[in-house]
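K.L.:
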Amino acid sequence: MSEVELRRATSADAEELARVYRSAYRENRQLGFPAKAESVTPHTVAEWIRDSRVYVTTVENELVGGVRLEVTDPDRVKLSHLGVHENWKGEGIGSRLLDHAEEVTREWGHTTVWLTTPEDHPYLPELYRRRGYEKTRPYPLEYRDYDEIVMEKQVQ
77 MSEVELRRAT
87 SADAEELARV
97 YRSAYRENRQ
107 LGFPAKAESV
117 TPHTVAEWIR
127 DSRVYVTTVE
137 NELVGGVRLE
147 VTDPDRVKLS
157 HLGVHENWKG
167 EGIGSRLLDH
177 AEEVTREWGH
187 TTVWLTTPED
197 HPYLPELYRR
207 RGYEKTRPYP
217 LEYRDYDEIV
227 MEKQVQ
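Under the working numbering, the first residue of the sequence shown is numbered 77, with each subsequent residue one higher.
1. Between the Cα of E136 and the Cα atoms of L82, D175 and D127, which residue gives the shortest distance?
2. Express the C-alpha separation of E202 and R126 in angstroms, rounding to a whole number.
3. In or out: R144 buried (at least 16 other Cβ within 10 Å) or exposed?
4. Between N163, V153 and Y97, which has its C-alpha nearest E183's C-alpha?
5. Considering only the alpha carbon of each residue, which of V231, T192 and R205 lies closest to E224?
6. Could you tell me which of V160, R105, L155 and P150 sits nearest to I92, measuring between CA atoms?
7. Does the beta-carbon distance from V80 to R207 come in below 8 Å?
8. I'd like to know whether the C-beta atoms of V140 and A90 end up nearer to each other than 8 Å.
9. Among T133, H176 and N104, which residue has its Cα nearest to the Cα of Y199?
10. Assuming Y215 contacts V226 under a Cβ cut-off of 8 Å, what Cβ separation, rounded to an integer in Å, is found between them?
11. Would you tell me roughly how many angstroms separate the C-alpha atoms of Q232 and A177, rounded to the nearest one?
12. Report back the beta-carbon spacing between G142 and H119 to the nearest angstrom; my notes put them in contact at under 8 Å.
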């Protein structure tokens with residue numbers, strides 16, 4: 077694979093990153109776990125980029141993945157909207173984004189990364205467990221037919 081570059085997203089990335097998210101989250105809908113990211117608009121992604129930290133990966137100048145980080149309290153950073161274009165899944169892009177999110181969290185001086193994921197998803201909870209994340213509590217969703225769980229990892 078060509079060299080993967082990772083950088084902070086800019087407003088110019090919003091349209092392409094929205095396309096990546098729609099592709100990445102299509103699989104979740106097919107598995108019975110629809111998410112708003114599957115139909116996200118460039119306008120919404122531009123708001124995420126403006127209001128929080130969003131990082132993207134590119135391969136040969138093609139944007140192929142992204143992740144959003146938000147400081148939620150003095151010690152904790154929420155990781156959300158981790159997505160890799162369906163054509164690039166299985167190439168280590170998601171792992172690089174997770175590594176970077178954890179590194180940035182440490183650099184900011186925070187101790188914990190947390191995320192939510194569907195509890196009954198066929199592979200996501202296990203993927204996060206293998207990376208050191210632990211289930212800490214349920215995360216009920218009143219507007220979905222499924223619930224999620226909160227998973228956390230200590231990075232300091």
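Just so it is clear, CB atoms sit at the ideal spot from N, CA and C, and this is done for glycine as well.
P.N.:
According to the structure shown:
1. Per the C-alpha coordinates, the member of L82, D175 and D127 positioned closest to E136 is L82.
2. Taking the CA atoms as reference points, R126 sits about 32 Å from E202.
3. Of the other Cβ atoms in all chains shown, 16 or more fall within 10 Å of the Cβ of R144; this residue is therefore buried.
4. E183 has its Cα closest to that of V153, out of N163, V153 and Y97.
5. Minimum Cα distance to E224 is reached at T192.
6. It should be pointed out that residue 92 corresponds to Glu in this sequence rather than to Ile. Closest option to E92, judged by alpha-carbon separation, among V160, R105, L155 and P150: V160.
7. No, these two residues do not count as a Cβ contact at 8 Å.
8. Not in contact: V140 and A90 (Cβ atoms no closer than 8 Å).
9. Checking every option, the nearest Cα to that of Y199 belongs to N104.
10. About 5 Å separates the two Cβ atoms, so the contact holds.
11. About 13 Å.
12. Between H119 and G142 the Cβ distance is about 16 Å, and since that is not below 8 Å, they are no contact.
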